[in-house]
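Trainee:
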Amino acid sequence: MSLLELRHLSKTYPGANGAVVHAVSDVSLSIAPGEVLGVVGESGCGKSTLGRSLLRLIEPSGGEIVFEGRDLTRLTRHQMKPVRRDLQVIFQDPFGSLNPRHTVGGIIGEPLEVHRVGTRGERKARVAELLKLVGLPEDAASRYPHEFSGGQRQRIAIARALALEPKLLVADEAVSALDVSIQSQIINLIADLQKRLNLSIMFISHDLSVIRHVSDRIAVMYLGRIVEIGPAEEIMTAP
Ligand code: ADP
Ligand code: ADP
104 MSLLELRHLS
114 KTYPGANGAV
124 VHAVSDVSLS
134 IAPGEVLGVV
144 GESGCGKSTL
154 GRSLLRLIEP
164 SGGEIVFEGR
174 DLTRLTRHQM
184 KPVRRDLQVI
194 FQDPFGSLNP
204 RHTVGGIIGE
214 PLEVHRVGTR
224 GERKARVAEL
234 LKLVGLPEDA
244 ASRYPHEFSG
254 GQRQRIAIAR
264 ALALEPKLLV
274 ADEAVSALDV
284 SIQSQIINLI
294 ADLQKRLNLS
304 IMFISHDLSV
314 IRHVSDRIAV
324 MYLGRIVEIG
334 PAEEIMTAP
């Protein structure tokens with residue numbers, strides 16, 4: 104049984120001079136529970152549009168997003184709200200998405216607040232647990248994002264994304280802005296959390312060396328289409 108199945112998903116943008124940009128064209132794929140699907144391809148091939156469309160952060164132009172048997176494209180914004188808990192995302196630049204005026208505790212705890220999970224005390228305890236899970240000190244909760252390095256900020260973003268115990272995580276160029284040595288720390292953290300939490304992940308990167316070790320299967324994108332998909336070992340050894 105798949106957790107997520109994309110059927111003929113497409114997304115077009117209006118381009119220059121009335122042209123149409125086919126950012127994602129007729130993409131069909133599935134992700135099983137606990138599976139890591141790597142999505143690789145050169146810049147501009149549509150990876151980010153694919154990731155954002157499946158989360159409905161942008162509206163797909165066509166096709167179906169079947170998550171746990173339900174087509175998300177048919178849900179209203181209101182009906183999407185509970186589903187959002189199960190689908191989380193981390194982006195390339197966590198600084199952009201971490202509000203500099205909020206404490207790290209506030210940032211990580213915000214999804215819990217939005218979804219009215221627990222009492223204030225329970226949320227605080229959960230935030231402390233999440234900090235530990237991603238390898239940050241407990242006192243990080245009362246500090247601000249700018250006090251942390253790029254790698255640590257990505258840990259904050261991961262903690263926030265995991266706060267509601269999602270089933271699927273989309274990691275969109277999540278380590279691309281980091282130094283290579285820090286990249287491997289964050290990749291190892293994500294791989295470790297994936298196993299512990301039995302998370303499904305769509306791991307998007309333009310860099311095959313980033314996803315090769317963590318992906319069960321790899322999809323290769325080119326000009327908005329999946330041109331190849333298969334077990335990681337097969338894709339890695341393809342001519
Ligand atoms: P990738 O993540 O692989 O770099 P993107 O999904 O960002 O690719 O982009 C795919 C294509 O869609 C590119 O040609 C890009 O220029 C175009 N595109 C992306 N976002 C927009 C937008 N908001 N408006 C118009 N074109 C866009
Ligand atoms: P902010 O300082 O960002 O405005 P709030 O005080 O509004 O944060 O708290 C938001 C949520 O984040 C709270 O429900 C709480 O659970 C959590 N939180 C905030 N600060 C901390 C902290 N220092 N330690 C642990 N959790 C915190």
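The opening position of the sequence shown corresponds to residue 104 in our numbering, with each subsequent residue numbered one higher.
Here a beta-carbon is modelled for each residue, glycine too, at the ideal position from N, C-alpha and C.
None of these values were measured; they are calculated from a predicted model.
Looking only at C-alpha atoms, which of Ser-245, Ile-314, Ile-285 sits nearest to Asp-275?
Mentor: For Asp-275, the nearest C-alpha among the options comes from Ile-314.
Trainee: So, helix, strand or coil for His-249, using DSSP?
Mentor: In this structure, His-249 counts as helix in the three-state DSSP scheme.
Trainee: Strictly closer than 6 Å from CB to any heavy atom of ligand 1: give me those residues in the order they appear in the chain.
Mentor: After applying the 6 Å Cβ criterion, the set is Tyr-116, Val-124, Ala-126, Gly-144, Ser-146, Gly-147, Cys-148, Gly-149, Lys-150, Ser-151, Thr-152.
Trainee: Would you grab the beta carbon distance between Ser-128 and Gly-327 for me? Rounded to a whole angstrom, and I think it's under 8 Å.
Mentor: Contact flag correct, Cβ pair sits at about 4 Å.
Trainee: Residues in the same chain with beta-carbon distance under 6 Å from Gly-166, minus the five sequence neighbours each way, listed in chain order, please.
Mentor: So the qualifying residues of the chain are Arg-110, His-111, Leu-112, Ser-113.
Trainee: Kindly indicate the opening and closing residues of the alpha helix (DSSP H) around Glu-336.
Mentor: Here the alpha helix (DSSP H) through Glu-336 covers 335-340.
Trainee: What is the DSSP secondary structure of Pro-117, reduced to helix, strand or coil?
Mentor: It is a strand residue.
Trainee: Whether or not the region 287-297 and the region 258-270 are in contact is what I'm after, with contact meaning three or more pairs of Cβ atoms, one per stretch, closer than 8 Å; do they touch?
Mentor: Taking 8 Å as the limit for Cβ pairs, the verdict is that the region 287-297 does touch the region 258-270.
Trainee: Using DSSP with H/G/I as helix, E/B as strand and the rest coil, what is Glu-216?
Mentor: Helix, per DSSP.
Trainee: Which of the three DSSP states is assigned to Met-65 in this structure?
Mentor: Absent from the structure is residue 65, since the part of the chain shown begins at 104 and ends at 342.
Trainee: Assuming Val-278 contacts Tyr-247 under a Cβ cut-off of 8 Å, what Cβ separation, rounded to an integer in Å, is found between them?
Mentor: 23 Å between Cβ atoms; not a contact.
Trainee: Which residues bound the alpha helix (DSSP H) around Met-305?
Mentor: Where Met-305 is concerned, there is no enclosing alpha helix (DSSP H), although the beta strand (DSSP E) it sits in stretches over 303-308.
Trainee: To the nearest whole angstrom, what separates the beta carbons of Arg-226 and Leu-239, a pair I think is in contact under 8 Å?
Mentor: Actually they are not in contact, since the Cβ atoms of Arg-226 and Leu-239 sit about 17 Å apart, beyond 8 Å.
Trainee: What is the rounded straight-line gap between the Cα of Arg-173 and the Cα of Ala-231?
Mentor: If you take the alpha carbons of Arg-173 and Ala-231, they lie about 34 Å apart.
Trainee: What is the DSSP secondary structure of Gln-195, reduced to helix, strand or coil?
Mentor: Residue state, collapsed to three classes: coil.
Trainee: Grab the span of the beta strand (DSSP E) containing Gly-165 for me, first residue to last.
Mentor: 165-170 is the span of the beta strand (DSSP E), which, as asked, contains Gly-165.
Trainee: According to the Cβ coordinates, are Ile-321 and Gly-141 closer than 8 Å?
Mentor: Cβ distance < 8 Å, so Ile-321 and Gly-141 count as in contact.
Trainee: Where does Val-237 sit, in a helix, a strand or coil, going by DSSP?
Mentor: DSSP places Val-237 in coil when its eight states are reduced to three.
Trainee: State buried or exposed for Thr-152, treating a residue as buried only when at least 16 other CB atoms are found within 10 Å of its CB.
Mentor: Thr-152 is buried by the Cβ-count criterion.
Trainee: Measuring straight from C-alpha to C-alpha, what distance separates Arg-159 and Pro-185?
Mentor: The alpha-carbon atoms of Arg-159 and Pro-185 are separated by roughly 13 Å.
Trainee: Taking Val-323 and Gly-154 to be in contact with their CB atoms under 8 Å, please state how far apart those CB atoms are, rounded to whole angstroms.
Mentor: Going by Cβ atoms, the distance from Val-323 to Gly-154 rounds to 15 Å, so no, they are not a contact pair.
Trainee: In whole angstroms, what is the alpha-carbon distance linking Ala-244 and Leu-234?
Mentor: Taking the straight line from one Cα to the other gives about 8 Å.
Trainee: Indicate the three-state DSSP secondary structure (helix, strand or coil) for Arg-226 in the structure shown.
Mentor: Arg-226: helix per DSSP, three-state reduction.
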